[in-house]
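Working notes for the structure below.
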RNA sequence: UGCCUGAUAGUAUAAUGGUAGUACGACUGUUUUUGGUGCAGUUUGUCUUGGUUCGAAUCCAGGUCGGGCAACCA
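Here you go:
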């Protein structure tokens, strides 16, 4: 592992902190709010935080940032843990911001005692108004001058539930004219008589993000607290709280969040897709969620590889979806079992094949010499792809057409003699003759053909269903497009197709990775059963022919 | 109008005052019983204007353009 890969700017910082002795070891954290499922954007953060710890010999906490009881659920906690494990990461401690509610309350009391916080009775509208605007200073109100004793008593009463939701808030007393709006006496506690997924009804006041996150980092002795760019203005508050409270000085660093073409990476929007039934669920294979990608057939290795390749920086970015596809193809090419499946079939009759049937053998993976072979039944009548026959072939067409020869993968070379159409003029059957001495592995025919087709013996064929996915949105930059993102949903993002498969698939394990030769990589869907096999297309193969045809 | 950020091929990312490199994409060629894979090659870039310097993507000043900031969300 003598990799000379250059460090990203955060690795650079950590490296310096370690070299200077500022820290003797590092502790990072991954802090999701359990209000949704993890997506590929989280994977970037996960790989960064866990990767940093791994690289520099530190550790990472998993911390649920659960300070808003109205949006958070245990279901999400469980899914987040499962996704993290699946991705291959282990946290050293499982933490919850809600475990710190008592401490956080004490911190707030300390602030009040220092005269640095006060209870405000204003409405949200009044507070917003009094905050001013980015270009004009805020104005105070009479509550700002309450005595410490009164604040202490009111805050205690807030905790006891003596006031209704929204009646009062606790605010840090900082600077109403600060150019950073977040420092204009931010709200640090609000009243919410809501059931919390972990603390139940113990609390009716909850700390705001800015009064919970930095302190949680500090309580856990997090050395490097890494978040996305939109938190840059929060850093001043983060530092302010730690300084006032005189607690462990965790430091916040920011990097730019991930964007990918033709999809969205916003929990809020993804939730909307689920709730409004544009997709079936959080783990719909079209979703950029970890669970969706898993169900679609992405491997943890390919996702980690993707996160490695995209890099970490502070510039806004939008990564081509094709990079994700490249990463998953690269991994799957090495591990996927090759199988033959025909989706849009026409019959191929081998007129001079008198044996009736025989068992042939085909390699499971040409990339893996140890991969072995499987038995594939061959017979007089086969299914081949409609697209592999052309009545009047064009010049560069390497497939079947009147007079043309091709190899049937792992079987024989055949030559098309004639074909038959139905009443509508649609080709139904192609007649061919085979070359007996061209048998795969013992070919003495001396014939060289340009094309090789996949096929399935008609009488041995297994009916299966294929879910073929396309991009979820019709435009590259969905978040940046005018208007509502839902206007750009690709209504044709899922095509269900009936197909014929070779019988080996019946015996394959549920979690096997497949390449259906010449079609793409496939993975068995969670709804698949032995009686009704269903496969999700993870990604197509690169298709130089399709590209050629577009010209 | 204020504050905070950022700007290197189509997309990302590196070079930290000394040869602008890498990956994906695109395009060629080659190998191949997958029009897949592999291999070889080509292609395109430092936002702008000044300054400092023997030398600037890098340092300085001005401009331009992008993103963020006025939730009792995180």
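Numbering (my numbering), first residue to last: 1 to 551. Ideal placement from N, C-alpha and C gives every residue a C-beta, glycine not left out.
- The criterion of a C-beta distance shorter than 8 angstroms is satisfied by residue 421 and residue 427.
- Three or more beta-carbon pairs drawn from the stretch 105-121 and the stretch 169-186 are found closer than 8 angstroms, and the two stretches are therefore classed as touching.
- The C-beta separation of residue 222 from residue 340 comes to about 52 angstroms, leaving the pair out of contact by the 8 angstroms criterion.
- Nearest C-alpha to residue 175 among 29, 187 and 110: 187.
- Following the DSSP letters along the chain, one finds residue 455 in no alpha helix (DSSP H), marked with neither H nor E.
- Annotation for residue 80: 32, 34 and 38 place their beta carbon closer than 7 angstroms to its own, counting only its chain and skipping 5 residues before and after.
- For residue 10, the uninterrupted alpha helix (DSSP H) segment begins and ends at 9-19.
- Around the CB of residue 207, 16 or more other CB atoms lie within 10 Å, so the residue is classed as buried.
- CA-CA distance, residue 509 to residue 523, rounds to 11 angstroms.
- Assignment of alpha helix (DSSP H) within the stretch 91-132, counting only whole runs of 4 or more residues, yields 101-113 and 124-130 in chain order.
- Judged by DSSP secondary structure, residue 412 falls outside any beta strand (DSSP E); it is assigned neither H nor E.
- In the DSSP annotation of this structure, the continuous segment of the alpha helix (DSSP H) that includes residue 275 starts and ends at 267-275.
- If you look at residue 292, you'll find it in the alpha helix (DSSP H) that goes 290-296.
- Only exposed fits residue 249, as fewer than 16 other CB atoms lie within 10 angstroms of its CB.
- Counting the other Cβ atoms within 10 Å of the Cβ of residue 359 gives fewer than 16, which makes it exposed.
- Residue burial is scored here from C-beta neighbours: residue 25 has fewer than 16 other C-beta atoms within 10 angstroms and is therefore classed as exposed.
- Three or more beta-carbon pairs drawn from the stretch 96-113 and the stretch 57-64 are found closer than 8 angstroms, and the two stretches are therefore classed as touching.
- Along the stretch 475-521, the beta strand (DSSP E) occurs as fully enclosed runs of 3 or more residues at 494-501 and 513-516, listed in sequence order.
- Note that the stretch 226-243 does not touch the stretch 442-455; fewer than 3 beta-carbon pairs, one per stretch, sit closer than 8 angstroms.
- According to the DSSP assignment, residue 467 belongs to the beta strand (DSSP E) that extends over 462-469.
- For the 8 angstroms CB-CB criterion, residue 383 and residue 461 form a contact.
- In terms of Cβ geometry, residue 436 and residue 416 do not form a close pair [threshold 8 angstroms].
- The beta-bridge partner set that DSSP reports for residue 360 consists of 376.
- Where residue 160 is concerned, the enclosing alpha helix (DSSP H) starts and stops at 148-160.
- Residue 213: member of the alpha helix (DSSP H) spanning 209-219, first to last residue.
- Selection 452, 224, 375 and 411 evaluated against residue 388 yields 452 as nearest (Cα-Cα).
- Rounded to the nearest whole angstrom, the C-alpha separation of residue 347 and residue 424 is 17 angstroms.
- For the pair residue 281 and residue 489, the Cα-to-Cα distance works out to about 16 angstroms.
- Within the stretch 22-97, the runs of alpha helix (DSSP H) at least 4 residues long that lie entirely inside it are, in chain order, 40-55 and 74-87.
- Short of 6 angstroms from the beta carbon of residue 466, and not among the five residues preceding or following it, lie these beta carbons of its own chain, in chain order: 497, 499 and 535.
- The beta carbon of residue 74 sits closer than 6 angstroms to the beta carbons of 197 from its chain, once the five residues preceding and following it are set aside; these are given in chain order.
- Of the residues 143, 48, 56 and 405, the one whose Cα lies closest to the Cα of residue 17 is 56.
- Between the alpha carbons of residue 152 and residue 46 lies a gap of roughly 40 angstroms.
- For residue 353, no beta strand (DSSP E) run applies, since DSSP gives it neither H nor E.
- Look at residue 203 here: in three-state DSSP terms it is coil, with no helix or strand label.
- In this structure, DSSP gives residue 287 a state outside helix and strand, which the three-state scheme calls coil.
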